[in-house]
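> Heads up: the sequence shown at position 315 corresponds to 315 in UniProt numbering, and the numbers run straight through without jumps.
Note that the Cβ used here is the ideal one computed from N, Cα and C, for glycine as well.
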Amino acid sequence: MPWVEIYAEFFPEGVDPLNRTYYAAYVLEKGLHCFVITYGKSHFYVRPFCDHDFGIEMAKRVADPDWIRQKSSKRFAGRRRKEINAYISNSALEIESGESIDYLHATLADELEESFGKYGKFGSSILINPSIGKEDLGVLLDRIVSTLREASRFTLPRTTYITDENEIQKYDARLRASILGREPEQAEFSGASHEIVGVDFVFSGNEDFSLYARGHRKVAVDELDMNSLRQYIRVQGVPSDKVLDIRVKVDREGQKSYSRSLKASLDFVVDGANVTLAQGKWLRFNEDYLNQLNAQVDRILIEEVEPDLLVIVGEEEDLNAAATERHGYTSADKDFSKIKVGKGTLVEAWDLYRDTTAYAVKFGKSQKLGYVVDQAMNVLEILRNNANTVELDINLKAYTLWLGFDLVKVPESLSASKSIILKQKIDAWARQCRNMNIEPRIKMSLCRKKSRDQLV
1 MPWVEIYAEF
11 FPEGVDPLNR
21 TYYAAYVLEK
31 GLHCFVITYG
41 KSHFYVRPFC
51 DHDFGIEMAK
61 RVADPDWIRQ
71 KSSKRFAGRR
81 RKEINAYISN
91 SALEIESGES
101 IDYLHATLAD
111 ELEESFGKYG
121 KFGSSILINP
131 SIGKEDLGVL
141 LDRIVSTLRE
151 ASRFTLPRTT
161 YITDENEIQK
171 YDARLRASIL
181 GREPEQAEFS
191 GASHEIVGVD
201 FVFSGNEDFS
211 LYARGHRKVA
221 VDELDMNSLR
231 QYIRVQGVPS
241 DKVLDIRVKV
251 DREGQKSYSR
261 SLKASLDFVV
271 DGANVTLAQG
281 KWLRFNEDYL
291 NQLNAQVDRI
301 LIEEVEPDLL
311 VIVGEEEDLN
321 AAATERHGYT
331 SADKDFSKIK
341 VGKGTLVEAW
351 DLYRDTTAYA
361 VKFGKSQKLG
371 YVVDQAMNVL
381 EILRNNANTV
391 ELDINLKAYT
401 LWLGFDLVKV
411 PESLSASKSI
421 ILKQKIDAWA
431 RQCRNMNIEP
441 RIKMSLCRKK
451 SRDQLV
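(1) Going residue by residue through the region 384 to 438, where are the continuous alpha helix (DSSP H) segments of at least 4 residues, counting only ones entirely within it?
(2) Return helix, strand or coil for Pro-65, following the three-state DSSP convention.
(3) Report yes if the C-beta distance between Ile-126 and Met-58 is below 8 angstroms; otherwise report no.
(4) Going by DSSP, what residues sit across from Trp-3 in a beta bridge?
(5) Taking just the CA atoms, how far does Ile-302 sit from Ile-179?
(6) Nearest by alpha-carbon distance to Glu-304: which of Val-250, Glu-412, Arg-431 is it?
(7) Buried or exposed: which applies to Ser-193, given that a residue is buried once 16 or more other Cβ atoms fall within 10 Å of its Cβ?
(8) When you compare only the Cα positions, how much space is there between Glu-99 and Gln-296?
(9) Run through DSSP, which three-state label would Tyr-289 get?
(10) Using the three-state DSSP reduction, which class does Ala-187 fall into: helix, strand or coil?
(11) Alpha carbon to alpha carbon, what distance is there between Val-372 and Leu-407?
(12) Would Ser-124 be called buried (16 or more neighbouring beta carbons within 10 Å of its own) or exposed?
(13) If you reduce the DSSP assignment to three classes, tell me which class residue 457 lands in.
(14) Roughly how many whole angstroms lie between the Cα atoms of Arg-174 and Ile-168?
(15) Counting only runs that start and end within the region 109 to 155, where is the alpha helix (DSSP H) found for 4 or more residues in a row?
(16) Asp-267 to Lys-418, Cα distance in whole Å?
(17) By DSSP's criteria, Met-377 is part of a beta bridge. Which residues make up the other side?
(18) Spatial neighbours of Asp-393 within its chain, please: C-beta separation below 8 angstroms, excluding the five flanking residues on both sides.
(19) Alpha carbons only, please: which of Asp-374, Ala-63, Leu-293 is nearest the one belonging to Leu-104?
(20) Using DSSP with H/G/I as helix, E/B as strand and the rest coil, what is Phe-54?
(21) Contact defined as beta carbons within less than 8 angstroms: I believe Leu-224 pairs with Val-248. What is the distance between those atoms, to the nearest angstrom?
(22) Can you pull the DSSP bridge partners for Asp-251?
(23) By alpha-carbon positions, which one of Arg-158, Ser-152, Tyr-87 ends up nearest to Trp-282?
(24) In angstroms, rounded to a whole number, what distance separates the CA positions of Gln-367 and Lys-425?
(25) Of the residues Ile-382, Thr-357, Ala-387, Leu-380, which one's Cα is nearest the Cα of Lys-443?
(26) As a quick exercise: from Leu-28, Gly-31, Ile-101, Glu-83, pick the residue whose alpha carbon is nearest that of Tyr-289.
(27) From Met-436 to Glu-287, what distance separates their C-alpha atoms?
(28) Looking at C-alpha atoms only, which residue of Lys-449, Asn-395, Val-250, Leu-137 is the closest neighbour of Tyr-353?
(29) Taking the Cβ atom as the reference point for each residue, do Asn-320 and Asp-355 lie within a distance shorter than 8 angstroms?
(30) Regarding Ser-124 and the ligand NAP, is the C-beta to nearest heavy atom distance less than 7 angstroms?
(31) Just checking my contact of Ser-261 with Val-250 at CB under 8 angstroms: how many whole Å lie between their CB atoms?
(32) What residue range does the alpha helix (DSSP H) around Phe-35 cover?
(33) Tell me the DSSP secondary structure of Gln-70 in three-state form.
(34) Compute the beta-carbon to beta-carbon distance between Gly-280 and Arg-230, rounded to the nearest angstrom, for a pair I have assumed lies under 8 angstroms.
(35) In three-state terms, what does DSSP make of Phe-49?
(36) If you draw a straight line from the alpha carbon of Val-221 to that of Pro-48, how long is it in whole angstroms?
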């Protein structure tokens, strides 16, 4: 314990304070099924071998969705990445689009109280309180096996494990490329607010981090981020095929130090594949998640595009010019006077506006289109926080993303896009618009590069 070492001189000779924690795990097997009952901190050691879906799949079959006490969820776009929501007086489950549910604390269905107890906590494991003795554990486990074969009572947006080794190797290669800056999608270290271990929340405190790998020095880092990681790889000369062998050492005051693999420390979404990395495992967004996300982005009003602007040959400025010359739009492209947040900080509010609607324009493939969503979200954050130092010259009632797709034809709907990252970003942006009483809208055109003859 670090504080004991600091004040060692004040302890009597021969007194060496110890921080002892006892823990245990019971393994019970029957046929093809294996259950582990954990006590103390043994869940930390058992968790990597658990069925990731077990707890949530049980919740879908035994919990009452109208009597939820607490939920925890993850997001993959927007400002909020992890959330814990507590409900007053047991309320109906509320799930916003873009949420992936990690944990539920719920009242169980009335008819199941005798079998499983009145309340339950469901994460990667379950915590229930049936009135049984230890001699009835076998009967309880049989009931659990039987319950998992039943149909779900409700749906939950969630991620599920990928187990195919070829797929895992393919996504590992994408992750290595991202770490080394060779992949458009960005890996980042997991948010440090809290982590769910089984059915318990573990909150981050004041930690110190070090990076190390076999055959290379251990280096303490001031900030655990991608810049520090890339600097470590470069300075220590870690080969590209050994990058995922790097480990992160965590020192936390009052607790024993531990380490985890780099892969278990990162978040990464593989665009176009509906796949994400979490806690070192590759996960696929389940059908409930995708259906809800697609339904939400398709709620956004699609604004009709002027016929002569359906296909734009050139760049964004060509659309801006045509829109201002022929259709009554006003250009705000590269106008940094609309929003000001401080000396030396330039913010481009939007590209076009007309009446009470602002238009943010971007051409390209999914990653480029994602940039304009990020920019629009930043503008909303500035306005929401009253950080703008000048008064807006527009009564902003609607905010439109004008997307120029570099495709053969315009998607029939936003949900038809294969980019889950783009849809997650648009959904988060639309939700923020509505929270500010601004109507989110979308316009969709096709973009075409100018030929050499047109460039002359």
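This is what the structure gives:
(1) Complete alpha helix (DSSP H) runs here, min 4: 420 to 435.
(2) Strand, per DSSP.
(3) yes
(4) Note: Trp-3 sits in no beta bridge, so no partner.
(5) 37 angstroms
(6) Glu-412
(7) Residue placement at Ser-193 cannot be trusted, given a pLDDT of 43 that sits under 50; the coordinates are not used to answer.
(8) C-alpha separation (whole angstroms): 12 angstroms.
(9) helix
(10) coil
(11) 18 angstroms
(12) buried
(13) Summary: the structure shown does not reach residue 457, with the chain confined to residues 1 through 456, and so no result is reported for it.
(14) 10 angstroms
(15) The region 109 to 155 contains these whole alpha helix (DSSP H) runs: 113 to 116, 137 to 148.
(16) 20 angstroms
(17) According to DSSP, Met-377 shares a beta bridge with no other residue.
(18) Within the same chain, Asp-393 has close Cβ partners Lys-338.
(19) Ala-63
(20) In the structure shown, Phe-54 sits in a helix (DSSP, three-state: H, G or I).
(21) 7 angstroms
(22) Asp-208
(23) Arg-158
(24) 11 angstroms
(25) The shortest CA-to-CA distance from Lys-443 to any of Ile-382, Thr-357, Ala-387, Leu-380 is the one to Thr-357.
(26) Ile-101
(27) The C-alpha of Glu-287 is placed about 30 angstroms away from the C-alpha of Met-436.
(28) Restricting attention to Lys-449, Asn-395, Val-250, Leu-137, the CA atom closest to the CA of Tyr-353 is found in Asn-395.
(29) no
(30) Within the structure as shown, the ligand NAP is missing, as the structure has no ligands at all.
(31) The pair is not a contact, with the Cβ atoms about 12 angstroms apart (cut-off 8 angstroms).
(32) Segment 33 to 39 is the beta strand (DSSP E) holding Phe-35; no alpha helix (DSSP H) there.
(33) Assignment of Gln-70 by DSSP, reduced to helix, strand and coil, places it in the strand class.
(34) Contact flag wrong, Cβ pair sits at about 20 angstroms.
(35) helix
(36) The straight-line gap from Cα to Cα measures roughly 26 angstroms.
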